[in-house]
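Enquirer: Below is a structure I'd like to ask you about.
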Amino acid sequence: MEANMSSIGTPSYPGTDKSLLTKKITVFTQSNSELPWDMNRAITSDKNNNIWIGTDNGIVQISNGKWIVYNTENEIFDTYPSGVIRPIKNAFVDSDNNVWLTMGGSLYQYENFKWKRFDENNSILKSARFIYEDSNNNIWLTSWDGLYKFDGKKWTVINQENSGIPSNKTFGFHIDKNDKILLGTLSGNVIIENNIVHKIDDQDSPLSSSIIFKAIEDKNGNIWFSLYNEHNYKNKGIYILDKSSNWTKIDFPLDNEILKENGLNDFLLDEENNELWVSLSGVGILLYHLDTKNWEIYTNQNSNFPSIYTEQITKDKFGNIWVSTFAGVAKIENK
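Under the working numbering, the first residue of the sequence shown carries the number 671, and numbering increases by one thereafter.
Given below as structure tokens:
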């Protein structure tokens, strides 16, 4: 067996009483599966119900129970001088069922059983973080060098130099059917409309004080945001903007104090089950029941959830929740 790396940690807050937890968890690690590396940050599921896991040393596709590993031996991935693959930061499946991954400063696309790499050698791409798609099938990337757009043939970038966005360090992104962009940057959030950048400074909006880290639109047209604020944890968390421009804030446990020292890395809205899943590094995985407004906090002390370091979340077609962590992959099901 090759070398491995994992990090478990001690949760900063206690979890829910074990008897009140409603989910069961299965953990996949290098020791009990074909996972090549326990430390992983990226996970997604495609239309064929394949699970794609981006570890810190290789990519895994779980297809009908079969594990397929892509690494330096059979593919073109970025590596450190030691030969270990660079960490995969984000995974995404587009509307055509192509898989996209960000790794180092590169973007990878898996299409028709082949991997394609985009980097400085064949594109204008200098760095890549989070992957998005608009209604016209364009791929968008936030990065440390601006906001990139790829239409399948041509690359463009929106940055400080050509548009006036306040910082090239970009995070969350949302684009509506009218091509209006909401973009979170390290120096504040902006609206980009008709190529004109507007800084969001409406004091009645939480977007004026906290950075957009992620944004998704639900089936009713409401936009859900995870917001980051390094100066005031009370302004961190999940916010909802409805179609009438009214804001709702999700109340986190302990009057938001659970977010004080812990990072909200991802969230997943499960509209089918009326549940919200939150990946909270420093604690574990949190489940919010939207109907009862009750929280369940899963840690490595009240359950077999493997680590306090949690990253991307996805849902498969059977309704199971999958979470990437620094100590394996967790599959979460109803008891």
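The beta-carbon is built from N, C-alpha and C at its ideal position, and this holds for glycine as well.
Does DSSP put Asn892 in a helix, in a strand, or in coil?
Expert: What you label residue 892 is simply residue 222 of the sequence shown in a count that begins at 1. In this structure, Asn892 counts as coil in the three-state DSSP scheme.
Enquirer: On the three-state DSSP scale, how would you describe Lys784?
Expert: Translated into the one-based positions of the sequence shown, residue 784 becomes position 114. Lys784 falls in the strand class under three-state DSSP.
Enquirer: By the three-class DSSP mapping on this structure, what secondary structure does Ile1027 have?
Expert: Residue 1027 is absent from the model: the chain starts at 671 and stops at 1005.
Enquirer: Please state whether DSSP places Tyr903 in a helix, a strand or coil.
Expert: Residue numbering aside, residue 903 sits at position 233 when the sequence shown is read from its first letter. Three-state result, Tyr903: helix.
Enquirer: Kindly list the residues whose CB is nearer than 7 Å to the CB of Asn829, restricted to its own chain and excluding five residues on each side of it in sequence; keep chain order.
Expert: Translated into the one-based positions of the sequence shown, residue 829 becomes position 159. So the list reads Asp815, Gly816, Ile835, Asn838, once near-sequence residues are dropped.
Enquirer: Which word fits Pro684, buried or exposed, when buried means at least 16 other C-beta atoms lie within 10 angstroms of its C-beta?
Expert: As a working note, residue 684 is residue 14 in the sequence shown. That one is exposed.
Enquirer: Determine the burial state of Ser984: buried for a count of at least 16 other Cβ atoms within 10 Å of its Cβ, exposed for fewer.
Expert: Residue 984 sits at position 314 when you count from the first residue of the sequence shown. Correcting the residue type first, residue 984 is Thr in the shown sequence and not Ser. Buried, because 16 or more other Cβ atoms sit within 10 Å of the Cβ of Thr984.
Enquirer: Please determine, among Pro681, Asn832, Lys884, Lys824, the residue with the shortest C-alpha to C-alpha distance to Ile845.
Expert: Looking up residue 845 in the sequence shown gives position 175. With distances taken between Cα atoms, Ile845 lies closest to Lys884.
Enquirer: Do you know offhand how far Arg787's Cα is from Lys824's?
Expert: The count along the sequence shown starts at 1 and reaches residue 787 at position 117. The count along the sequence shown starts at 1 and reaches residue 824 at position 154. C-alpha separation (whole angstroms): 15 Å.
Enquirer: Can you give the Cα-Cα distance for Trp707 and Val730, rounded to whole angstroms?
Expert: Within the sequence shown, numbered from 1, the residue matching residue 707 stands at position 37. Within the sequence shown, numbered from 1, the residue matching residue 730 stands at position 60. Rounded to the nearest angstrom, the two C-alpha atoms are 10 Å apart.
Enquirer: Please name the residue in Val827, Leu897, Asn1004 whose C-alpha comes closest to that of Ile794.
Expert: Against the sequence shown, residue 794 aligns to sequence position 124. For Ile794, the nearest C-alpha among the options comes from Val827.
Enquirer: Tell me the rounded alpha-carbon separation between Leu701 and Gly998.
Expert: As a first step, residue 701 must be located in the sequence shown, where it is residue number 31. As a first step, residue 998 must be located in the sequence shown, where it is residue number 328. For the record, residue 701 in the displayed sequence is Ser; it is not Leu. Taking the straight line joining both Cα atoms gives about 10 Å.
Enquirer: Could you spell out where the alpha helix (DSSP H) holding Asn832 opens and where it closes?
Expert: Position 162 of the sequence shown, counted from the start, is the residue given in the question as residue 832. Here the alpha helix (DSSP H) through Asn832 covers 830-833.
Enquirer: Have a look at Tyr740 and Lys850 and give me their C-alpha separation to the nearest angstrom.
Expert: Within the sequence shown, residue 740 is the residue found at index 70, counting from 1. Within the sequence shown, residue 850 is the residue found at index 180, counting from 1. In a straight line, the C-alpha of Tyr740 is about 37 Å away from that of Lys850.
Enquirer: Run through the DSSP bridge pairs and tell me what Phe937 is partnered with.
Expert: Counted from its first residue, the sequence shown places residue 937 at position 267. According to DSSP, Phe937 bridges with Val948.
Enquirer: Which value, in whole angstroms, describes the spacing of the CA atoms of Met671 and Lys963?
Expert: Looking up residue 671 in the sequence shown gives position 1. Looking up residue 963 in the sequence shown gives position 293. Bear in mind that the predicted position of Met671 carries a pLDDT of just 45, short of 50, making it too unreliable to give a figure here.
Enquirer: Within the continuous beta strand (DSSP E) that includes Ser797, where are the two ends?
Expert: In the sequence shown, the residue the question calls residue 797 occupies position 127. No beta strand (DSSP E) contains Ser797, which DSSP labels as neither H nor E.
Enquirer: Check each candidate in Asn782, Met773, Ile910, Lys847 and name the one with the smallest Cα separation from Arg756.
Expert: Position 86 of the sequence shown, counting from 1, holds the residue named residue 756. Of the listed residues, the one whose Cα sits closest to Arg756 is Met773.
Enquirer: Which stretch, first to last residue, makes up the beta strand (DSSP E) that contains Gln700?
Expert: Counted from its first residue, the sequence shown places residue 700 at position 30. Here Gln700 belongs to no beta strand (DSSP E), and DSSP marks it neither H nor E.
Enquirer: Could you work out which residue in Thr686, Asn727, Ile991, Leu811 is closest to Leu924 when comparing CA atoms only?
Expert: Residue numbering aside, residue 924 sits at position 254 when the sequence shown is read from its first letter. For Leu924, the nearest C-alpha among the options comes from Thr686.
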